[in-house]
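*Asks:* Residue numbers for the sequence shown follow the numbering used here, beginning at 80 and rising by one. All residues carry an ideal CB built from backbone N, CA and C; glycine is no exception. Model, not experiment: these values are computed from the prediction. This is the structure I have questions about; it appears just below.
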Amino acid sequence: MKRTRPLTLVLLAAFGGVAGFIVEIALASSGRPIIALPLSLSITLVAAGAIVVSLAVPIARAIRGTNQRPINPFRAMRVAVLAKASSMVGALIAGVGAGVVVYLLSRTVVPAAATLWLSIGAAVAGVVFLACGLVAEKLCTLPPDDRDPDRGEPLPDRRLS
80 MKRTRPLTLV LLAAFGGVAG FIVEIALASS GRPIIALPLS LSITLVAAGA IVVSLAVPIA
140 RAIRGTNQRP INPFRAMRVA VLAKASSMVG ALIAGVGAGV VVYLLSRTVV PAAATLWLSI
200 GAAVAGVVFL ACGLVAEKLC TLPPDDRDPD RGEPLPDRRL S
């Protein structure tokens, strides 16, 4: 599995920002109430980020040799994929929160301060979830081998004599 590229995260955040902004405009122009991001979203994102990192710590200990018990490779792969998905979802939600904040600040009549702070909190929680996903992904990364065939170094000859 390849590491998450920054361009992917930036594109997801930009897409989320544009989507959040356009949805708010569409709702307001049709006379419906705009979306107020709930506080439970921010709390859940931070808690999920902490859970993702806590799932990656035993794998990092097994990789570095400080843990005596071996880790199931399927579990390690599941945690690595969860970490990657967490970083992508975090970027998307951070973008949506930022798009809602931009919409709220672009109006001539600013809505209630609580709505603005909840949207800012959701954007920050999305960034925290993104960071937790990237940290967990780094914890699940294997260290490079001493000899890498991609760099032109030959692998040791392991033929039986």
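Do the CB positions of residue 162 and residue 181 come within less than 8 angstroms of each other?
*Replies:* For the purposes of this step, residue 162 is identified with residue 83 of the sequence shown, where counting begins at 1. For the purposes of this step, residue 181 is identified with residue 102 of the sequence shown, where counting begins at 1. Contact: no.
*Asks:* Need the endpoints of the alpha helix (DSSP H) that residue 177 sits in, please.
*Replies:* On the sequence shown, residue 177 is found 98 positions in, with the first residue counted as 1. Run containing residue 177: 152-185, per the alpha helix (DSSP H) assignment.
*Asks:* From which residue to which residue does the alpha helix (DSSP H) around residue 109 run?
*Replies:* To locate residue 109, count along the sequence shown from 1; it is residue 30. Where residue 109 is concerned, there is no enclosing alpha helix (DSSP H), because DSSP gives it neither an H nor an E.
*Asks:* Tell me which residues share the same chain as residue 134 and place their Cβ nearer than 6 angstroms to its Cβ, disregarding the 5 neighbours each side in the sequence.
*Replies:* Looking up residue 134 in the sequence shown gives position 55. Contacts found: 158.
*Asks:* Pull up the distance between the alpha-carbon of residue 155 and that of residue 173, whole angstroms please.
*Replies:* Locating residue 155 in the sequence shown gives position 76, where the first residue counts as 1. Locating residue 173 in the sequence shown gives position 94, where the first residue counts as 1. Approximately 27 angstroms between the Cα atoms of the pair.
*Asks:* Name the two residues that bound the continuous alpha helix (DSSP H) containing residue 144.
*Replies:* As a position in the sequence shown, residue 144 is number 65, starting the count at 1. Here residue 144 belongs to no alpha helix (DSSP H), and DSSP marks it neither H nor E.
*Asks:* Please report the straight-line C-alpha distance between residue 119 and residue 202, rounded to a whole angstrom.
*Replies:* Counted from its first residue, the sequence shown places residue 119 at position 40. Counted from its first residue, the sequence shown places residue 202 at position 123. The straight-line gap separating the alpha-carbon atoms of residue 119 and residue 202 is approximately 13 angstroms.
*Asks:* Hey, how far is the Cα of residue 211 from the Cα of residue 165?
*Replies:* Working through the sequence shown from its first residue, we reach residue 211 at position 132. Working through the sequence shown from its first residue, we reach residue 165 at position 86. Approximately 8 angstroms between the Cα atoms of the pair.
*Asks:* Please determine, among 99, 91, 116, the residue with the shortest C-alpha to C-alpha distance to residue 194.
*Replies:* As a position in the sequence shown, residue 194 is number 115, starting the count at 1. Measuring from the Cα of residue 194, the nearest candidate turns out to be 116.
*Asks:* Would DSSP call residue 201 helix, strand or coil?
*Replies:* Here residue 201 refers to the residue found at position 122 when the sequence shown is read from its first residue. Helix at residue 201.
*Asks:* Could you tell me whether the Cβ atoms of residue 114 and residue 124 are closer together than 8 angstroms?
*Replies:* Along the sequence shown, read from residue 1 onward, the residue named residue 114 stands at position 35. Along the sequence shown, read from residue 1 onward, the residue named residue 124 stands at position 45. In this structure, residue 124 does not lie closer than 8 angstroms to residue 114 by Cβ.
*Asks:* Using the Cα positions of residue 136 and residue 188, report the straight-line distance between them to the nearest angstrom.
*Replies:* Counting from 1 along the sequence shown, the entry for residue 136 is found at position 57. Counting from 1 along the sequence shown, the entry for residue 188 is found at position 109. Roughly 47 angstroms between the two C-alpha positions.
*Asks:* Counting C-beta neighbours from all protein chains within 10 Å, is the total for residue 215 16 or more, i.e. buried, or is it exposed?
*Replies:* Sequence index remark: in the sequence shown, residue 215 carries index 136 (1-based). Per the 10 Å Cβ criterion, buried.
*Asks:* Do the CB positions of residue 244 and residue 218 come within less than 8 angstroms of each other?
*Replies:* Nothing about residue 244 can be read from this structure; the chain reaches only from 80 to 240.
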